[in-house]
Amino acid sequence: MTGGDIFVECLKAQGVKDIFGLPGNHLDTVYEALYNNQDNIQHYVTRHEGGTAFMADGYARATGDVGVCMTVPGPGSNNASVGIGEANTASSPVLWITGQNPSYLAQRDPKKSFHGLDQRAAFTPMTKHLEIVHRVDQIPGAINRSFSALRSGRPGPVLIELAKDALDAEADLPIPPYNNGIQTTAAPQDIDAAIALLSQAERPLIISGGGINHTRATEEILAFAELLDAPIVMTGFGKGSVPEDSPYSIGIFRDGVAQAAMNASDLIVAVGTRFNYRDTGNWSLKIPQPLLHIEADPDEIHKEYPATVGIGANPKLVLRQLNAALRDEKRTGGWGEGLHELRRRFTEIEHPQILKEMRDVMPRDAILSVDVNITGYGALAHFPCYHPGSYIFSGVSVAMGIGLTGAIGAQVAYPDRKVVALSGDGGFLMTCPDLATAVMYNLPVVTLVMNDNQYTSIERGQLRRFGKRIGVELVNPDFVQFAESFGAVGLRVEDPSDFKPMFEKALAMDKTVLLEVVK
193 MTGGDIFVEC LKAQGVKDIF GLPGNHLDTV YEALYNNQDN IQHYVTRHEG GTAFMADGYA
253 RATGDVGVCM TVPGPGSNNA SVGIGEANTA SSPVLWITGQ NPSYLAQRDP KKSFHGLDQR
313 AAFTPMTKHL EIVHRVDQIP GAINRSFSAL RSGRPGPVLI ELAKDALDAE ADLPIPPYNN
373 GIQTTAAPQD IDAAIALLSQ AERPLIISGG GINHTRATEE ILAFAELLDA PIVMTGFGKG
433 SVPEDSPYSI GIFRDGVAQA AMNASDLIVA VGTRFNYRDT GNWSLKIPQP LLHIEADPDE
493 IHKEYPATVG IGANPKLVLR QLNAALRDEK RTGGWGEGLH ELRRRFTEIE HPQILKEMRD
553 VMPRDAILSV DVNITGYGAL AHFPCYHPGS YIFSGVSVAM GIGLTGAIGA QVAYPDRKVV
613 ALSGDGGFLM TCPDLATAVM YNLPVVTLVM NDNQYTSIER GQLRRFGKRI GVELVNPDFV
673 QFAESFGAVG LRVEDPSDFK PMFEKALAMD KTVLLEVVK
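Residue numbers (this note's numbering): 193 to 711.
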């Protein structure tokens, strides 16, 4: 087998079914192997490497497992870096495969080489783990270590760089079996300390973070809330981890009802969250003590807020341990009617009309991929979600362009579910060439483009600070004709009263649709 054959066999052994990529000469042998394995792995050719990485990220968040993207080095990997940076801040398990010049050129100045770039120096800061493969015999070990990193602890992107001569060489090598990573549980003394805290609390409040989404621990955290009679608030990346119509859900972290619950609580239980700038208002939020912090990455314990008890282990497994221990406890605390009152206040919140109509029309298990735009900002608090992995957004890096491309990744992962992208005109045009990708593979993604011919959030900030604006006005294409030129369906809404029936029509078409909403 060639190195490319070995590499693809290793991917198959790890359960990889889909790859998003842009081919290039460094990776020819891998593509030859993919050609011979089309019954096992589907390759989706994209129109820009930035979209390629976003697609793998959307796939990973929707499934909770590894999304895979592939680019050439140099300009290809530089283009992909925006999406990889997003995956890094979102703790998303993306395997990024990139080529490299033959190993005998490794000592040459990359600035003088074809697609030259020192990728270790460039991308180590934005990846969880990085492998450089110079020889064919290094391929199986590199894959095995990469999937261990992807599936252990806090997720994050992993880069494998493959030298062209390593891929072209021939060898007969064993293929490593499926690697599920290292799943860490809590030490017995940590469980005892946590139970002691929980036993003393009368009004505990649970914060459900992205770690609950990634580990698919919805059942465990709901059982935990029931045992404690405690409300749950979700972080941005935790949205979808708990159904928002659950009797224990009271919304998004830092919103009004959630803030009131935090102020009234006597114990905060934060599970699967790293306390990023968005959730904490640049860390201005005061987290009441005591704090029980459960997070897959032990380095995050005490990092932003001091924890009374900190457990660095798999959130799903720790919740199972705590639930087993709590079932043997005789608790007398709990919120009682206070929880019902919080829930009543949460359900009475008024939602913006367009988000309410979107939720009315979309199926319960639909996936929403939200780009950086004013309407999208409101969706975090005002578009209820009911399934883990059903809400994709750029929560920390705030990278424009994830709307359409994240939706494509999610649609590939779940071809039978409805997937909608919510974009502004600016964000959509960042990755709009990949509308062709959706059309090419008959992906029935519906993209909503909120068209107000400007970067609205930037404009509002300028007006607030200076009373004037600059650099925010846009000249846009005719979005309907633009979509149709790709072979997609183009629709337009100018009157808000027409939005709901037009959106219903778009979802029912089962085609790639762009629906422009003129604002």
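For glycine and all other residues, C-beta sits at the position ideal for the given N, C-alpha and C.
Distance between residue j and residue i (C-alpha atoms, nearest Å)
i    : j    : result
A488 : I374 : 11 Å
G186 : R609 : Residue 186 is absent from the structure shown; the chain starts at 193 and stops at 711.
A591 : R536 : 35 Å
N506 : L459 : 21 Å
L635 : V604 : 7 Å
K522 : D382 : 20 Å
T427 : Y223 : 40 Å
Q513 : A415 : 12 Å
Q230 : A602 : 20 Å
M642 : D687 : 13 Å
D756 : L287 : Residue 756 is absent from the model: the chain starts at 193 and stops at 711.
S305 : E323 : 21 Å
S269 : E412 : 39 Å
L683 : D626 : 18 Å
L390 : V434 : 21 Å
P294 : N217 : 11 Å
P607 : R556 : 15 Å
I444 : R300 : 52 Å
V710 : P302 : 47 Å
P332 : S340 : 12 Å
H579 : M701 : 24 Å
H494 : K478 : 14 Å
A417 : S615 : 35 Å
A450 : L397 : 9 Å
F199 : G568 : 39 Å
Candidates the options, of which the one nearest residue i by Cα
i    : options                : result
V588 : I424, N468, L309       : N468
I367 : D249, P636, G581, G207 : G207
M632 : Q654, A334, R656, A680 : A680
V611 : L699, D670, N645, G570 : L699
L354 : S273, L297, R512, A605 : L297
W527 : G570, S586, F585, S457 : S457
L509 : Q481, P380, Q545, R556 : P380
R446 : P396, N474, T194       : N474
G598 : E665, H574, A630       : A630
N645 : V638, G593, E665, F658 : E665
K697 : L640, K711, G525       : L640
V638 : F212, R656, E708, G659 : E708
A452 : R470, P480, R466, E436 : P480
P369 : V425, P498, S338, P396 : S338
V425 : D384, R408, D471       : D471
S677 : Y227, F658, T704       : T704
According to DSSP, residues forming a beta bridge with residue i
i    : result
Q646 : E665
L397 : I460
R684 : E708
V588 : Per DSSP, none; premise fails for V588.
I198 : DSSP lists no partner for I198.
A613 : S561, T639
T290 : T263, E353
Y583 : L560
E487 : G504
Where the alpha helix (DSSP H) containing residue i begins and where it ends
i    : result
L226 : 220–227
I444 : Looking at the DSSP string, I444 is not in any alpha helix (DSSP H); the run it does join, the beta strand (DSSP E), is 441–444.
L342 : 331–342
L359 : 356–360
D210 : Careful: D210 lies outside any alpha helix (DSSP H), inside the beta strand (DSSP E) at 210–213.
E411 : 410–420
K548 : 545–553
F678 : 671–678
N312 : It is worth fixing the name first, because residue 312 is Arg in this sequence and not Asn. Note, R312: alpha helix (DSSP H), 311–315.
N405 : 402–407
K697 : 691–700
R535 : 529–539
D471 : 469–472
Run of the beta strand (DSSP E) containing residue i, from where it starts to where it stops
i    : result
M262 : 259–263
Y251 : Run containing Y251: none in the beta strand (DSSP E); it sits in the alpha helix (DSSP H), 241–255.
H235 : 234–237
H321 : 321–325
I424 : 424–426
The ligand NAD heavy atom lying under 8 Å from the CB of residue i
i    : result
L351 : What this structure holds is no ligand at all, so the ligand NAD is not there to describe.
At least 3 beta-carbon pairs within less than 8 Å: the region 474–494 vs the region 423–441: Contact between the region 474–494 and the region 423–441 is absent: fewer than three C-beta pairs spanning the two stretches fall below 8 Å.
Stretch-stretch touch, CB-based, cutoff 8 Å, three pairs: the region 228–248 with the region 541–559: Verdict: no, contact absent.
Three or more C-beta pairs below 8 Å linking the region 559–566 and the region 529–546: Contact between the region 559–566 and the region 529–546 is absent, because fewer than three Cβ pairs lie under 8 Å.
Contact the region 342–349 vs the region 312–329: 3+ CB pairs below 8 Å: A contact between stretches requires three or more CB pairs, one per stretch, nearer than 8 Å, and the region 342–349 meets this requirement with the region 312–329.
Any 3 or more C-beta pairs closer than 8 Å across the region 635–654 and the region 571–588: As far as the Cβ criterion goes, the region 635–654 does not touch the region 571–588, which means the pair count is below three.
Three CB pairs or more closer than 8 Å across the region 354–364 and the region 325–334: With a cut-off of 8 Å, the region 325–334 and the region 354–364 count as touching, because enough Cβ pairs lie within range.
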